[in-house]
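Notes to accompany the following structure.
2 protein chains.
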Amino acid sequence: MTATRFKHFISSSPLGEALSEEELGALDSLSISATLYDPHTIITRQGDTDHRIFIIHSGWGCVHRDLPNGERQIIDTPLPSDIIGLQAGDGSRGNSLSSITALSVFEIPHHTLGRALSYKPALGRILSRAVARQNAIVVEHLVNIGRRSALERTAHLLLELADRLAEFGSATPDRYECPLTQDELADALGLTKIHVNRTLRELRERELLVFRNGFVELLNRKKLIGMCGFDSQYVRQF
Amino acid sequence: MTATRFKHFISSSPLGEALSEEELGALDSLSISATLYDPHTIITRQGDTDHRIFIIHSGWGCVHRDLPNGERQIIDTPLPSDIIGLQAGDGSRGNSLSSITALSVFEIPHHTLGRALSYKPALGRILSRAVARQNAIVVEHLVNIGRRSALERTAHLLLELADRLAEFGSATPDRYECPLTQDELADALGLTKIHVNRTLRELRERELLVFRNGFVELLNRKKLIGMCGFDSQYVRQF
DNA sequence: CGCAGACTTGAAGATTATCAACCACCGTGG
DNA sequence: CCACGGTGGTTGATAATCTTCAAGTCTGCG
């Protein structure tokens, strides 16, 4: 039964810490389904309307926007326990959701959520916290792209991902698996893949971090943090 | 009585269109206060905690972030009928809120909102729509900075502001008052004020728009929209 | 083996930033 | 009334950052 799996997942994730047994029980009424997507498949396309919310179970997602001129901007890479799809009031989606790795998600129809919410308001608090957090992440991303150099930007993003993964237990303090290609990194950072490549080389040469073979190693957390002014607070606010 | 003024304001704004008389009545219980801030004053400082939400009545606000290196990024310039402060789950604020012009706002303590919400759930829908909209605006801003040239970026922002003001009736289709300095524009766009100056000159020379003496005139909406791929949908989703 | 995708490097060009002036406007105080 | 300082805007010259174009490597895989 997928509701059981879902409850188990929630209660063992950062989201669940604030929920009582009783509130967890309310999740039974949600008509949740679990889906596994292949790597690099589109889940919802920008412009479509979609009335589901998604909770990442495992894998890396990708919320992005394709521009008329062929460029694209990655808004966020949702990770396990992240919630997507609460943003849109009316179901219309301005950006696409896709998978980067194989992606296992829980899907909840919007309307069933409304019902559960009305008789267990604590769930609402959890959800608005979750929205607040995703929001803060996007704002941070905006600041990052707007006012930091390529080097700082890259460092900041890789530090953020480390913290977000660690939150869920998928990263040791200074090493984690990162499936992003340099091309995807570029689209997240507002740079060219070529420049990302050079930036990563510089970070390596300065012995700050190494990103190779799908793994990021933070060699000097302190210097990295100092360099880009990373403040992890926004990651933790569940 | 300020609650009366508030209700009047809401019902005549885009926010109020979806509210019944009865729901409007629920606003009475909110212990709203109205405040007028001088131009260029800080209302809440980043890092502080603050448990109010703000609804802009008149004037231009400014949500921004100061970086350790002295730079700053403007996240958004809230305009009349925009709601700020719902983002943070726990009251902590990652960014500052300040006024650009003289700014008249309604302030509502967070906790009184919770009460009103629990017995008039329709208000919740309005609020989450509002959050969704502010969110969409920030995402758009992210895309703008991440993947558009200085010229496109500037055009996009000025088009957005035109639409947001028009939504509230403060802009004719192709002309509006804009109190932003070139310096502030730069901090919003992730550029230097000097480059903003040159970009505005180019927009002027190409006869696309003129920004002078505190007024923006859109000379060729069609070309502007085509150039930067502006799609106003996200502005309208109340 | 050969191909495709991701990564790497060099050289050249475009965009944007920095530095340094200078102008125009406006409110203030003498 | 005028001198003054401060803020915002404008311009030119130069430099840094980032992009583009072009090519080449490495790896995994049918």
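The listed protein sequences correspond, in order, to chains A and B.
Just add 234 to the spot in the first sequence (first one is 1) and you have my numbering.
Just add 234 to the spot in the second sequence (first one is 1) and you have my numbering.
Beta carbons: idealized from backbone N, C-alpha and C, even for Gly.
Check: Sufficient close CB pairs (3 or more, under 8 Å) joining the segment 339-350 of chain B to the segment 411-423 of chain A; Outcome: no
Check: Reference Leu-261(A), options Leu-361(A), Ser-326(A), Trp-294(A) and Ser-292(A), closest by Cα; Outcome: Leu-361(A)
Check: Where Gln-368(A) falls, given that 16 or more other Cβ within 10 Å makes a residue buried; Outcome: buried
Check: Three-state class that DSSP yields for His-285(B) in the structure shown; Outcome: coil
Check: Residue nearest to Lys-404(B) in terms of C-alpha spacing, selected from His-291(B), Phe-445(B), Leu-270(B) and Thr-278(B); Outcome: It should be noted that the sequence gives Ser, not Lys, for residue 404(B). That would be His-291(B), whose Cα lies nearest to the Cα of Ser-404(B).
Check: Limits of the alpha helix (DSSP H) - the one that Pro-407(A) falls within; Outcome: Premise fails: Pro-407(A) is in no alpha helix (DSSP H) and is neither H nor E.
Check: Whole beta strand (DSSP E) elements within the segment 336-422 of chain A, 3-residue minimum; Outcome: 337-343 and 409-411
Check: Thr-238(B) - DSSP class collapsed to helix/strand/coil; Outcome: helix
Check: Chain B within 8 Å of Val-377(A), Cβ atoms only; Outcome: yes
Check: Run of the alpha helix (DSSP H) containing Gln-467(B), from where it starts to where it stops; Outcome: 467-470
Check: Ser-352(A) at chain B interface by Cβ criterion, 8 Å; Outcome: yes
Check: Nearest candidate by alpha-carbon position, reference His-345(B), set Leu-453(A), Arg-359(A), Tyr-410(A) and His-345(A); Outcome: Arg-359(A)
Check: Assigned secondary structure, Ser-245(A) (DSSP; H/G/I helix, E/B strand, else coil); Outcome: helix
Check: Run of the beta strand (DSSP E) containing His-298(A), from where it starts to where it stops; Outcome: 295-300
Check: Candidates Ala-237(A), Thr-269(A) and Asn-378(A): closest to Ser-333(A) by CA position; Outcome: Thr-269(A)
Check: For Cys-296(A) and Leu-437(A), the rounded distance between their alpha carbons; Outcome: 24 Å
Check: Residue burial classification, Gly-259(B) (beta-carbon count within 10 angstroms, cutoff 16); Outcome: exposed
Check: DSSP beta-bridge partners of Phe-445(A); Outcome: Val-450(A)
Check: Reduced DSSP category for Leu-264(B) - H, G, I as helix; E, B as strand; rest coil; Outcome: helix
Check: Min CB distance Glu-255(A) to chain B below 8 Å; Outcome: no
Check: For Leu-425(B), the three-state DSSP class (helix, strand or coil); Outcome: coil
Check: Candidates Ser-263(A), Val-377(A), Ser-254(A) and Ala-252(A): closest to Asn-303(B) by CA position; Outcome: Val-377(A)
Check: Cutoff 8 Å: Leu-301(A) Cβ touching any chain B Cβ; Outcome: yes
Check: Reference Glu-251(B), options Glu-374(B), Phe-402(B), Ala-396(B) and Pro-407(B), closest by Cα; Outcome: Phe-402(B)
Check: Cβ shell of Ser-466(A) (< 7 Å), same chain only, five flanking positions each side left out; Outcome: Asp-397
Check: Closer than 8 Å to chain A by CB, Arg-381(B); Outcome: yes
Check: Short CB-CB distance (under 8 Å) between Asn-369(A) and chain B; Outcome: yes
Check: Nonlocal neighbours in the same chain, by C-beta distance under 6 Å from Gly-481(B), ignoring five residues either side; Outcome: Any property of residue 481(B) remains undetermined from this structure, which presents chain B solely from 235 to 472.
Check: Backbone secondary structure at Thr-275(A) - three-state DSSP; Outcome: coil
Check: Beta carbon proximity, Gln-280(A) to chain B, threshold 8 Å; Outcome: no
Check: Partners in chain B for Glu-401(A), counting only beta-carbon separations shorter than 8 Å; Outcome: Neighbours of Glu-401(A) on chain B: none; closest Cβ ~15 Å, over 8 Å.
Check: Through-space distance from Leu-347(A) to Ser-315(A), alpha-carbon basis; Outcome: 17 Å
Check: Leu-391(B) vs Leu-313(B) beta-carbon contact at 8 Å; Outcome: no
Check: Residue-level contact to chain A via CB, Gly-259(B), 8 Å cutoff; Outcome: no
Check: Amino acids of chain A, ordered along the chain, whose beta-carbon sits closer than 7 Å to that of Pro-312(B); Outcome: In chain order: nothing, as chain A lies at least about 14 Å away.
Check: Sub-8 Å separation of Ile-318(A) and Ile-287(A) beta-carbons; Outcome: yes
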